[in-house]
Amino acid sequence: MDSQMTPPPVRRSRRSKIVGTVIALAVMAALGGGAWYLTHSGASAPGGAGAMGPGGPGGPGGPGGARRGGPSTTVGVATAVKSDLPVVLDALGTVTAASTVTVRPQVSGILKELKFKEGAMVKAGQVVALIDPAQFEMALMQASGQRQRDEAQLENARLTLKRYQTLLGQDSIARQEVDTQAALVKQLEGTVMTDRAAEGTARLNLGYTKVVSPISGRAGLKVVDIGNLVSTSDAGGVVVITQLSPIDVQFSIPQDKVQTIQERQAQNVALPALALDRTRSITLDKGSLTALDNQVDVQTGTVRAKARYANEKMALFPSQFVNVRLEMGNITGAVLVPVTALRHSNNGDFVYVLKEDKTVTVRMVTRGQATTDMVEIRAGLEAGEKVITEGADRLKEGAKVTLAGDKPAGQGQGGRGANGEHRQRRQHAEGAAGSPASSAPATAPAAPATAPAKGAAQ
Numbered sequence: 095m096d097s098q099m100t101p102p103p104v105r106r107s108r109r110s111k112i113v114g115t116v117i118a119l120a121v122m123a124a125l126g127g128g129a130w131y132l133t134h135s136g137a138s139a140p141g142g143a144g145a146m147g148p149g150g151p152g153g154p155g156g157p158g159g160a161r162r163g164g165p166s167t168t169v170g171v172a173t174a175v176k177s178d179l180p181v182v183l184d185a186l187g188t189v190t191a192a193s194t195v196t197v198r199p200q201v202s203g204i205l206k207e208l209k210f211k212e213g214a215m216v217k218a219g220q221v222v223a224l225i226d227p228a229q230f231e232m233a234l235m236q237a238s239g240q241r242q243r244d245e246a247q248l249e250n251a252r253l254t255l256k257r258y259q260t261l262l263g264q265d266s267i268a269r270q271e272v273d274t275q276a277a278l279v280k281q282l283e284g285t286v287m288t289d290r291a292a293e294g295t296a297r298l299n300l301g302y303t304k305v306v307s308p309i310s311g312r313a314g315l316k317v318v319d320i321g322n323l324v325s326t327s328d329a330g331g332v333v334v335i336t337q338l339s340p341i342d343v344q345f346s347i348p349q350d351k352v353q354t355i356q357e358r359q360a361q362n363v364a365l366p367a368l369a370l371d372r373t374r375s376i377t378l379d380k381g382s383l384t385a386l387d388n389q390v391d392v393q394t395g396t397v398r399a400k401a402r403y404a405n406e407k408m409a410l411f412p413s414q415f416v417n418v419r420l421e422m423g424n425i426t427g428a429v430l431v432p433v434t435a436l437r438h439s440n441n442g443d444f445v446y447v448l449k450e451d452k453t454v455t456v457r458m459v460t461r462g463q464a465t466t467d468m469v470e471i472r473a474g475l476e477a478g479e480k481v482i483t484e485g486a487d488r489l490k491e492g493a494k495v496t497l498a499g500d501k502p503a504g505q506g507q508g509g510r511g512a513n514g515e516h517r518q519r520r521q522h523a524e525g526a527a528g529s530p531a532s533s534a535p536a537t538a539p540a541a542p543a544t545a546p547a548k549g550a551a552q
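This note's numbering puts the first residue of the sequence shown at 95, with every later residue one more than the last.
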């Protein structure tokens with residue numbers, strides 16, 4: 095019974111395979127026919143995707159993008175000019191104070207008075223704080239009294255020595271007494287000198303009760319309040335004074351520019367440095383390069399530099415970020431083009447030069463110095479030649495172009511171009527449709543007119 099039940103499933107499996115194969119072949123044939131229809135209908139249409147697509151033969155990126163009769167590209171044009179080009183170096187800098195001093199008391203005592211206004215300008219030698227001077231006045235008086243007492247003893251010893259020397263001349267006194275008195279005079283002279291030093295120290299300490307600013311600058315916020323005990327070991331001191339005029343800006347210079355700067359400095363040529371705001375549109379101050387560091391930062395490949403500014407308008411503030419523009423020289427008679435005109439390839443730099451017949455040609459050039467908007471062309475281009483600045487990505491050698499100010503093709507007289515031909519066909523169809531006698535042929539020209547639009551949409 096098992097042998098009789100086995101054959102039917104085998105026959106159904108073979109039938110299924112045959113049906114599946116036929117269906118697969120039919121699907122493949124349908125897909126192939128659809129692809130052939132889409133490809134040939136798009137290529138045969140005047141405005142289809144095969145003719146105008148970016149990657150097609152007629153597209154701007156294809157090998158036939160510059161063939162004669164293809165659509166022209168609208169471009170921007172600039173003329174190469176001969177002018178002087180300043181060689182500048184732009185860098186980001188940090189404003190640093192020329193001097194920053196933490197004013198600390200030189201004697202310990204009770205803070206009696208603060209004689210400065212927070213954030214105000216102070217001058218060198220101006221008293222900014224006053225310490226209670228009572229104890230230092232007493233110490234000065236004590237030192238002065240000690241000095242006066244010892245000076246009186248010295249004067250008495252000198253008179254005694256003088257009398258002894260007189261008696262010794264008369265042979266009325268022993269020489270030993272005279273020598274002892276002379277030694278006493280010298281001893282008292284040393285004591286008086288020590289007393290004078292102690293008195294001077296006491297007078298200095300009394301003077302140190304007036305805390306003065308060693309530099310001119312802007313006072314910061316107060317660190318200690320009146321009534322507190324201050325001492326020479328206080329880390330914060332009384333106030334921090336920052337010198338704002340002159341002021342410095344530190345920035346970094348690429349290591350390949352160091353040699354040029356050193357050569358200019360060896361010639362005693364001052365390199366102007368402009369301090370610009372964040373947008374590089376406002377000049378905060380004008381200064382000059384003052385110093386270069388003595389080593390290259392191995393992590394960044396740059397060398398630290400410092401420029402000094404008078405800062406008379408107080409436009410620069412410590413720890414402020416500014417843009418520094420260092421003027422390293424000037425190139426006279428340079429051929430300049432906009433930066434957007436310069437293109438790059440595996441073979442080097444090039445530009446598209448506009449010819450008289452409104453076509454472009456590729457010109458290999460050698461670039462030089464550059465600014466934010468202009469670049470120097472050292473070789474390959476002459477002043478007066480026109481170069482493409484916009485729309486160059488869609489160009490090839492010999493491509494036909496249309497200038498931005500010219501009237502686009504297809505809008506002139508006669509309705510030339512794809513748009514003009516389509517409009518002419520549409521007008522013809524509308525005119526034919528309005529005439530009863532020609533209603534039948536009016537639909538015939540309309541079909542080809544709609545075919546390209548259908549192909550482009552697909």
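Think of the CB as a built atom: it goes at the ideal place given N, C-alpha and C, for glycine as much as any other residue. Here the structure is a predicted model, which is why all the values come from computation and not from measurement.
- Less than 8 Å separates the beta-carbon of residue 341 from that of residue 189.
- DSSP lists 396 as the beta-bridge partner residues of residue 391.
- Taking residue 317 as reference, the option from 214, 246 and 198 with the minimal CA-CA separation is 198.
- Around the beta carbon of residue 241, a 10 Å sphere encloses 16 or more other beta carbons of the protein chains shown; the residue is thus reported as buried.
- Minimum Cα-Cα distance from residue 297 among the listed residues 271, 335 and 228 corresponds to 228.
- When DSSP assignments are scanned along the stretch 301 to 353, the uninterrupted stretches of beta strand (DSSP E) that are 3 or more residues long and fall wholly within it turn out to be 304 to 306, 311 to 313, 333 to 336 and 341 to 348.
- Distances from the alpha-carbon of residue 471 to those of 456, 444, 492 and 489 put 444 closest.
- When C-beta atoms of the stretch 472 to 490 are compared with those of the stretch 440 to 455, three or more pairs fall below 8 Å, so the two segments count as touching.
- Per DSSP, residue 434 has no beta-bridge partner at all.
- In this chain, the alpha helix (DSSP H) harbouring residue 239 covers 228 to 263.
- The residue from 303, 440 and 395 with its alpha-carbon nearest to that of residue 207 is 303.
- Put simply, the backbone Cα of residue 235 is about 44 Å away from that of residue 266.
- When rounded, the separation of the alpha-carbon atoms in residue 288 and residue 280 is 13 Å.
- With a threshold of 16 other beta carbon atoms within 10 Å, residue 454 meets it and is buried.
- Rounded to whole angstroms, the separation of the alpha carbons of residue 409 and residue 191 is 13 Å.
- When secondary structure is reduced to three states using DSSP, residue 483 falls in the strand class.
- Excluding the 5 residues flanking it on each side, residue 332 has same chain C-beta neighbours closer than 8 Å at 197, 198, 199, 205, 208, 222, 223, 305, 316, 317, 318 and 324, in chain order.
- Looking at the DSSP output, residue 379 sits in a beta bridge with 369.
- Shown here for residue 193: same chain residues with a beta carbon closer than 6 Å to its own, the five before and five after excluded, namely 309 and 337 in chain order.
- DSSP places residue 213 in the coil class of the three-state scheme, outside both helix and strand.
- In the DSSP assignment, residue 450 forms no beta bridge with any residue.
- Within the same chain, and ignoring the five residues on either side of residue 173 in sequence, the residues whose Cβ sits closer than 6 Å to its Cβ are 480.
- The beta carbons of residue 282 and residue 251 sit closer together than 8 Å.
- The straight-line gap separating the alpha-carbon atoms of residue 391 and residue 178 is approximately 33 Å.
- As computed with DSSP, residue 177 is found in a beta bridge with 428.
- Proximity of the stretch 395 to 402 to the stretch 423 to 439 falls short of the contact definition, fewer than three beta-carbon pairs being nearer than 8 Å.
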